[in-house]
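So the sequence shown is numbered by the working numbering: it starts at 145 and just counts up by one.
Glycine included, every Cβ here is placed at the ideal spot set by N, Cα and C.
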Amino acid sequence: MTVPDLARTIAAQVARVPGIVAVSLGGSHARGNARPDSDLDLGLAYDAAHPFDLAALSALCRDLDESGSASATPPGGWGPWVDGGAWLTVEGQRVDLIYREVRRVEKSVGDALAGRVSVHAQPGHPHGIHGHHYAAELATGLILHDPSGRLERLRARLGGYPASLAQALEEHYAWQPGFWLDGAAKGLKRGDVHYAQGCLYQAVMAMVQTLGARGRAWILNEKGAVALAGALPGAPPNFAGRVNAALTALDVGAVRNLAAEVG
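Encoded structure:
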């Protein structure tokens, strides 16, 4: 995987901020499917027991940002799971700095290995964030700076996609489409479109999670998740196209047919 030069340049500067343990590249640039308008996502690992220098990081953000006005949030500034960070524009490229507390990454790896499934509310994530989310980021990202080897040791411990997690996710989600679709049908019968839409969305995400578990594919974000699942072995033909058409038409029967094919 080719790492953008700008990512390496920014990572080297951020790594000099006291308290930053490691820096990694995530998102589409790490997965190799970035588009020209894709943001550059850099994860900043820190240890809450030894807080990083927030003032120094904010000063660096102002120096890097084209507007000179960017600043870094305190940890937790963006919610319990996204945590915090900064939004910058550097040389015309949108750059997201995103905090990750290493002890929570360690727990996430442990949850993944143990097959523990938990889902947590987080603004910006309509399906929620799973407890193994940080482990998924670690597995799919590229470590750019890790002098102590802390992230590398965690990734080695994870060792890929755990079979225990795949089994647990399938057990958690495989039965759910039918449940949500029954709710959607009742909602439409009552004229409660809002409720029906939510149920249809959850039915689709349950199928996405099931296909991801069977294909050992990390589902990191709702954005692009249907296309990702549709490209996996065992997915129904034209899965993404059929999902889009069914959701647009609020067609419960069409989604039910897809659920039957997913099995």
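Query: Grab the span of the beta strand (DSSP E) containing Asp326 for me, first residue to last.; Result: Note, Asp326: premise wrong, no beta strand (DSSP E); alpha helix (DSSP H) at 320–334.
Query: Quick check: what's the CA-CA separation for Pro224 versus Gln266?; Result: 7 angstroms
Query: Using only the alpha-carbon positions, how far apart do Ala155 and Pro291 sit?; Result: 13 angstroms
Query: Can you find the residues in the same chain that come closer than 6 angstroms, C-beta to C-beta, to Ser182, ignoring five residues on each side of it along the sequence?; Result: Ser172
Query: Do Tyr317 and Ala350 count as a contact pair if the criterion is CB distance below 8 angstroms?; Result: yes
Query: Check whether the stretch 317–335 touches the stretch 394–406, counting contact only when three or more Cβ pairs, one atom from each stretch, lie closer than 8 angstroms.; Result: yes
Query: Under the assumption that Leu364 contacts Ala379 (Cβ atoms under 8 angstroms), give the Cβ distance between them as a whole number of angstroms.; Result: About 18 angstroms separates the two Cβ atoms, so there is no contact after all.
Query: Which ranges would you report for the alpha helix (DSSP H) in the stretch 239–302 if only whole runs of at least 4 residues count?; Result: 246–258, 277–284, 294–302
Query: Determine the extent of the alpha helix (DSSP H) in which Ala193 is found, giving its start and end residues.; Result: It is not in any alpha helix (DSSP H) - Ala193 carries neither H nor E in the DSSP assignment.
Query: So the candidates are Leu372, His338, Leu241, Pro180; which of them puts its Cα closest to the Cα of Gly159?; Result: Note on residue identity: the sequence assigns Ala, not Gly, to residue 159. Of Leu372, His338, Leu241, Pro180, the residue nearest in Cα terms is Leu241.
Query: Residues in the same chain with beta-carbon distance under 8 angstroms from His277, minus the five sequence neighbours each way, listed in chain order, please.; Result: Trp225, Ser252, Leu364
Query: Of the residues Arg294, Leu402, Val234, which one's Cα is nearest the Cα of Val249?; Result: Arg294
Query: Secondary structure at Ile164, three-state DSSP: helix, strand or coil?; Result: strand
Query: With Leu184 and Pro148 assumed to form a contact (beta carbons below 8 angstroms), what rounded beta-carbon distance in angstroms separates them?; Result: 7 angstroms
Query: Straight-line CA distance for Val234 to Leu169?; Result: 16 angstroms
Query: Taking the continuous alpha helix (DSSP H) assigned at Ala230, which residues delimit it?; Result: Here Ala230 belongs to no alpha helix (DSSP H); instead the beta strand (DSSP E) covers 229–234.
Query: Going by beta-carbon coordinates alone, are Ala357 and Glu314 separated by less than 8 angstroms?; Result: yes
Query: Less than 8 angstroms between C-beta atoms, sequence neighbours within five positions excluded: which residues of the same chain meet that for Leu208?; Result: Ile154, Gln157, Ala214, Leu232, Val234, Val239
Query: Considering only residues of the same chain and omitting the five flanking positions on each side of Gly163, which have a CB-CB separation below 8 angstroms?; Result: Tyr190, Asp191, His194, Pro195, Phe196, Asp197
Query: Which residues share a DSSP beta bridge with Gly170?; Result: Asp185
Query: For Val399, collect the residues of the same chain with a Cβ closer than 7 angstroms to its Cβ; drop the 5 residues on either side in sequence, then sort them by chain order.; Result: Leu325, Leu344, Ala347, Val348, Ala390
Query: On the DSSP letters alone, give me the boundaries of the alpha helix (DSSP H) that Ser308 sits inside.; Result: 307–317
Query: Determine, using beta carbons only, whether Ala361 and Ala371 come nearer to each other than 8 angstroms.; Result: no
Query: Give me the DSSP bridge partner(s) of Gln237.; Result: Val234
Query: Below 8 angstroms on the Cβ atoms is my guess for Leu309 versus Ala151; work out the distance and round it to an integer in Å.; Result: Not a contact, Cβ separation roughly 28 angstroms.
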